[in-house]
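The block underneath contains the structure these notes are about, expressed in structure tokens.
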Amino acid sequence: MREDGSSIPAHIAIVMDGNGRWAKARGRPRTIGHRAGARAVNRCIDWCVARGVGALTLFAFSSENWNRPAEEVGTLMQLFLRALDREVDDLGRRGIRLGFIGDREAFGADIRDRMARAESVTANGQAMRLTIAASYGGRWDIIQAARRMAEAAVRGEIEPGQIDERRFATALGLADLPPPDLFIRTGGDKRISNFLLWQLAYAELYFTPTLWPDVDAEVLDRAVEDYGRRERRFGLTSEQIARGLPA
Ligand code: IPE
Ligand code: IPE
Ligand code: MG
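So for the sequence shown, my numbering puts the first residue at -16; every next one is plus one.
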């Protein structure tokens, strides 16, 4: 349940896993799975808009995924580029504000430029926040935040003793969003794989064997139903929660 008593999570974060196995099961190359995965992304966005989910964060490509065979990485980059060219204006028209977290320096200029354009074209969107984690790693995120804090300290803008959780979080990815309420991983594996290590501290975790390209409204509804039955205690007791969370 959310603090306001509703059971639709305000922010969902998803590890979209299983594209390669989906293709393999059909005797097709892994890249076909990634294409099918891109279609599932659109279904997932539509579902979030329809259900009133305020923020969706999708793990599209991890820091470690750069080490996959060059051909697969190349195809993923092409797909990413094409999706940015094809979908961004439509997302903007639907009021969806797009953002990216991850190490942008690792991408070519063509992708970096399109990311910047996507963010500016959709900047006024009020219907939903969509964040794509690309070239993202939770450890990378924490390190880049630590570096920014250290640089501010060296410049004399802050004292090291002033670095606390609140201030640190302002330098992390998703800083301007509430932390994810619900984490979903498709594909059957039960791990975080270096996704939002800090931001998931109190997320509810949900794992489904469904492979990402097969994800549809039914699968997502089941995840949210399960989420609605959880008691989120944030370190408190059930009795305290029943009385209402302290402000
Ligand atoms: C997730 O699917 C997409 C990316 C990591 C880019 P995978 O490609 O990891 O598919 P599986 O896990 O091998 O089936
Ligand atoms: C996690 O999936 C990354 C993304 C979905 C983008 P992986 O397929 O890379 O994770 P592992 O290798 O199974 O842990
Ligand atoms: Mg995988």
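Think of the CB as a built atom: it goes at the ideal place given N, C-alpha and C, for glycine as much as any other residue. A quick note: this is a predicted structure, and the numbers were derived from the prediction, not measured.
Residues sharing a beta bridge with residue i, DSSP
i	result
Y189	I167
S(-4)	Looking at the sequence itself, residue -4 is Ala, so the reference to Ser does not match. A(-4) pairs with T40 and F166.
A8	Answer is none; A8 lacks a bridge partner.
L311	This structure gives no information on residue 311, because the portion of the chain shown stretches from -16 to 230.
Residue i beta carbon near ligand 2 (any heavy atom closer than 7 Å)
i	result
F44	yes
M(-1)	yes
D172	yes
G176	The amino acid occupying residue 176 in the given sequence is Ser; Gly does not appear at that position. Answer for S176: yes, Cβ within range of ligand 2.
N48	yes
Any non-hydrogen atom of ligand 1 within 7 Å of residue i CB
i	result
N2	yes
L59	yes
G10	no
R13	yes
G121	no
G218	no
G85	no
Where residue i falls, given that 16 or more other Cβ within 10 Å makes a residue buried
i	result
D(-13)	For D(-13), the predicted structure reports a pLDDT of 48, less than 50, and the residue's modelled location is therefore unreliable. The matter cannot be settled from this model.
A225	exposed
L228	exposed
Y210	buried
I115	buried
W195	buried
Y189	buried
G10	exposed
I(-5)	buried
Cβ-Cβ separation, residue j to residue i (assumed contact under 8 Å), whole Å
i	j	result
G120	E47	7 Å
G108	G75	6 Å
V198	R26	7 Å
Neighbour flag for residue i against chain C, beta carbons, 8 Å
i	result
R100	In the structure shown, chain C does not exist; there is a single protein chain.
Residue i CB to nearest heavy atom of ligand 5 below 7 Å
i	result
G82	As far as ligands go, the structure on display features ligand 1, ligand 2 and ligand 3 and does not contain ligand 5.
Give the list of continuous beta strand (DSSP E) stretches no shorter than 3 residues that lie fully inside the segment 118 to 180. For the segment 118 to 180, the full-length beta strand (DSSP E) segments reaching 3 residues or more read 165 to 168 along the chain.
Which whole runs of the alpha helix (DSSP H) in the segment 21 to 94 are 4 residues long or more, in chain order? Complete alpha helix (DSSP H) runs here, min 4: 53 to 76.
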